[in-house]
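Its first residue numbered 11, the sequence shown is counted upward by one per residue in the numbering used here.
Below is one structure; the comments refer to it alone.
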Amino acid sequence: MITTPSPSSAGGRGRGIGAFEHVRWGEASQKSDRPHGFALQWIAYWQSLAEEQIRMIFAQRVSHLRAEGAYQVLARAQELERAGRDVIHLEIGEPDFETPPHISLAGIKAISEGRTKYNPPRGLVDLREIIAEDAGPRRGMTIRPQPVIIAPGAKPNLFFPTLALVEPGVEVIYPDPGFPTYEAMIELAGGTPVPVPLLEENDFSFDLDAFDRLVSDRTKLIVLNSPGNPTGSIIPLADLEHIAAAAQRHDCWVLSDEIYRRILFDGVDAPSIAALPGMAERTIIMDGFSKTYAMTGWRLGFGIMPEALADRVALLLTHSVGCTAHFTQYAGIEAIRSSQAGVDAMVAAYQRR
Numbered sequence: 011m012i013t014t015p016s017p018s019s020a021g022g023r024g025r026g027i028g029a030f031e032h033v034r035w036g037e038a039s040q041k042s043d044r045p046h047g048f049a050l051q052w053i054a055y056w057q058s059l060a061e062e063q064i065r066m067i068f069a070q071r072v073s074h075l076r077a078e079g080a081y082q083v084l085a086r087a088q089e090l091e092r093a094g095r096d097v098i099h100l101e102i103g104e105p106d107f108e109t110p111p112h113i114s115l116a117g118i119k120a121i122s123e124g125r126t127k128y129n130p131p132r133g134l135v136d137l138r139e140i141i142a143e144d145a146g147p148r149r150g151m152t153i154r155p156q157p158v159i160i161a162p163g164a165k166p167n168l169f170f171p172t173l174a175l176v177e178p179g180v181e182v183i184y185p186d187p188g189f190p191t192y193e194a195m196i197e198l199a200g201g202t203p204v205p206v207p208l209l210e211e212n213d214f215s216f217d218l219d220a221f222d223r224l225v226s227d228r229t230k231l232i233v234l235n236s237p238g239n240p241t242g243s244i245i246p247l248a249d250l251e252h253i254a255a256a257a258q259r260h261d262c263w264v265l266s267d268e269i270y271r272r273i274l275f276d277g278v279d280a281p282s283i284a285a286l287p288g289m290a291e292r293t294i295i296m297d298g299f300s301k302t303y304a305m306t307g308w309r310l311g312f313g314i315m316p317e318a319l320a321d322r323v324a325l326l327l328t329h330s331v332g333c334t335a336h337f338t339q340y341a342g343i344e345a346i347r348s349s350q351a352g353v354d355a356m357v358a359a360y361q362r363r
C-alpha cells in the first residue's frame, strides 16, 4: 500500500498537503475508465496545484492599460439586440451603412484570384500611390507614395509612430475628451500623458491658453484630432497655426488623427496641420477607410509621415503584424478609384439626422 495525498481531501482553497489518505494503486486503476487513470488524475492535480501557486506578474508597461469603454458598451448593446430590443448605438464609431457593394466585390474578386499571400509591410505600391494622389489634393499638399504606410486598421499608425518617437521622461499633449487609445499608447511608450481640455465655448477646439501653459521643451509629441471624436469639432486654421508655431518652437512632432476628415457638413473643410509651412517634416497624418467607406471590419488604414519615420514604422509593422491583408488592399484601391457618390450619400444622410 502506498500512502499518497488524495486530490479530494486536498481540494479547494487552503488544501492541506498534509492530509493523506491510504489508496491502493491497483484499486484506483480499477476504478478508472482507462489504465493508469489514477496516475493521470494525480498528474493533473499537481499541475493544477502548481498553476494556482504561480503569481501572475505582468510588465509595468501594460499595468495601466484599460479596456476601451465603447467596446464594453457595444457588447452590452448587442446582448440587448439579441434579446429583441431596439438599440440606438452611440458608443462606437461605427457607420450604420454597409460597405458599398462594388468595394466588397473588389475584395471578393481579389480573394478568388488568389490575392491572399504575404505582401510588403508598407503595403501594396498601387494602393500607396493612389492614396498619395487622393490624400494630397484633399489637403492642399503634395504627397509621394514612399512615406505612405498601409496598416491593418488605423490604430497601428497611431501606436507605432508613438513607439518610435516617445521615450520615458518626455511628455505628450493630447485632447481631452478624446479617443481612449491616445492615453493608452502614450503610457505604453513610457511617456507622460498631458491632456489639454476641449472647451464647448470654443466649439470643442483646444483651450489654447491651457495649451500654451502645458507645451514645453519636454513635449515630444502633440496629438490632434480634427474632425474630432467624440465632439465632431474642427480645429480652426488660426488655432492650427498657433499649435504649429509652438511645435516648431519646441521642436516637437504632431500626430494628426484625420480619420473623420471626409465626414463634413455644409461644405465646411477641415484643414490639416501638415499643409502648413514647415509642418510636413514633423507631422504624422493618420487616416483610413473605416469611417469614409463603412469598412470598419476590413481593418484598412494608412499613415503619411516623413520617410525616415516611415522606415521605423515599417520595421515595427514587420515585427508585429507582418503585413496588411492582401485582398483588403484591393478593396481599398477600388474604394478610392471608383465613384464617391456613396460617400456623399452617407454624409448627406448623417447631416439629415
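A virtual CB, placed ideally from N, CA and C, is assigned to each residue, including glycine.
**Message:** Relative to the C-alpha of F214, which candidate in L231, G201, I196 and D186 has its C-alpha closest?
**Reply:** In the sequence shown, counting from the first residue as 1, residue 214 sits at position 204. It is D186 whose Cα lies nearest to the Cα of F214.
Quiz prompt | Paired residues, beta bridge with L209 - DSSP | solution = In the sequence shown, counting from the first residue as 1, residue 209 sits at position 199. Looking at the DSSP output, L209 shares a beta bridge with S215.
When DSSP labels each residue in this structure, what does M315 get in the three-state scheme? Within the sequence shown, residue 315 is the residue found at index 305, counting from 1. M315: coil per DSSP, three-state reduction.
(request) Report the residue from L218, I232, D227 and P240 whose alpha carbon sits nearest the alpha carbon of G249. (result) By one-based count along the sequence shown, residue 249 stands at place 239. Residue 249 is actually Asp in this sequence, not Gly. When only C-alpha atoms are compared, the closest one is L218.
Problem - Residue of A174, G146, F216 and G298 minimising C-alpha distance to L327 - result: In the sequence shown, counting from the first residue as 1, residue 327 sits at position 317. Of the candidates A174, G146, F216 and G298, the one whose C-alpha sits nearest the C-alpha of L327 is A174.
> Do you know offhand how far I314's Cα is from L50's?
Replying inline: Reading the sequence shown from its first residue, position 304 is the one you call residue 314. Reading the sequence shown from its first residue, position 40 is the one you call residue 50. Their backbone Cα atoms lie some 57 Å apart in a straight line.
If you drop the 5 nearest sequence neighbours on each side, which residues of the same chain put their C-beta closer than 8 Å to that of H260? For the purposes of this step, residue 260 is taken as the residue at position 250 of the sequence shown. V225, S226, D227 and T229.
**Asked** Relative to the alpha-carbon of A318, which residue among S330, G298, I294 and A199 has its alpha-carbon at the smallest distance?
**Response** To locate residue 318, count along the sequence shown from 1; it is residue 308. Measuring from the Cα of A318, the nearest candidate turns out to be I294.
Within the segment 231-304, ranges of the beta strand (DSSP E) (whole runs, at least 3 residues)
Every unbroken stretch of the beta strand (DSSP E) spanning 3 or more residues and falling wholly within the segment 231-304 is given here in chain order: 263-267 and 293-298.
Please classify M66 as buried or exposed, where buried requires at least 16 neighbouring CB atoms within 10 angstroms.
Walking along the sequence shown from the start, residue 66 turns up at place 56. Exposed, since its Cβ has fewer than 16 Cβ neighbours within 10 Å.
Q | Any non-hydrogen atom of the ligand COA closer than 8 Å to L327 Cβ | A | Among the components of this structure there are no ligands whatsoever, and the ligand COA is therefore not found.
Based on the DSSP secondary-structure assignment, which residues constitute the bridge partners of V180? The count along the sequence shown starts at 1 and reaches residue 180 at position 170. Per DSSP, none; premise fails for V180.
task = Just mark V206 as buried or exposed, buried being the case when its beta carbon has 16 or more other beta carbons within 10 Å.
result = Position 196 of the sequence shown, counting from 1, holds the residue named residue 206. Per the 10 Å Cβ criterion, buried.
Query raised in the report: When burial is assigned at 16 or more other CB atoms within 10 Å of the CB, is E181 buried or exposed?
Result: Here the question's residue 181 lines up with position 171 in the sequence shown. So E181 ends up on the buried side.
From the DSSP secondary-structure annotation, give me the bridge partner or partners of P187.
As a working mapping, residue 187 is identified with position 177 in the sequence shown. Beta-bridge pairing links P187 to no other residue.
| query | Going straight from the alpha carbon of Y128 to that of R309, what length do you get? | reply | In the sequence shown, counting from the first residue as 1, residue 128 sits at position 118. In the sequence shown, counting from the first residue as 1, residue 309 sits at position 299. If you take the alpha carbons of Y128 and R309, they lie about 16 Å apart.
(request) Could you tell me which of R95, H99, T109 and G94 sits nearest to A80, measuring between CA atoms? (result) As a working mapping, residue 80 is identified with position 70 in the sequence shown. With distances taken between Cα atoms, A80 lies closest to H99.
inquiry  = Based on DSSP bridge pairs, tell me the residues matched to P162.
reply    = Your numbering for residue 162 matches position 152 in the sequence shown. For P162, which the question treats as bridged, DSSP gives no partner whatsoever.
Could you spell out the range, first to last residue, of the alpha helix (DSSP H) harbouring Q88? Position 78 of the sequence shown holds residue 88. Segment G79 to R92, the alpha helix (DSSP H) holding Q88.
- Among residues of its own chain, excluding the 5 on either side of H252, which ones have a beta-carbon nearer than 7 Å to its beta-carbon? Counting from one through the sequence shown, the residue named residue 252 turns up at place 242. Once the five neighbours on either side are set aside, the close Cβ partners of H252 are L218.
Alpha-carbon to alpha-carbon, A54 and V353:
Counted from its first residue, the sequence shown places residue 353 at position 343. Counted from its first residue, the sequence shown places residue 54 at position 44. Going by the C-alpha atoms only, they are around 58 Å apart.
Next on the checklist: For P287, tell me which candidate among S300, D297, L247 and G179 has the shortest Cα-Cα distance.
Outcome noted: Taking the first residue of the sequence shown as 1, we reach residue 287 at position 277. The residue with the shortest Cα to Cα distance from P287 is L247.
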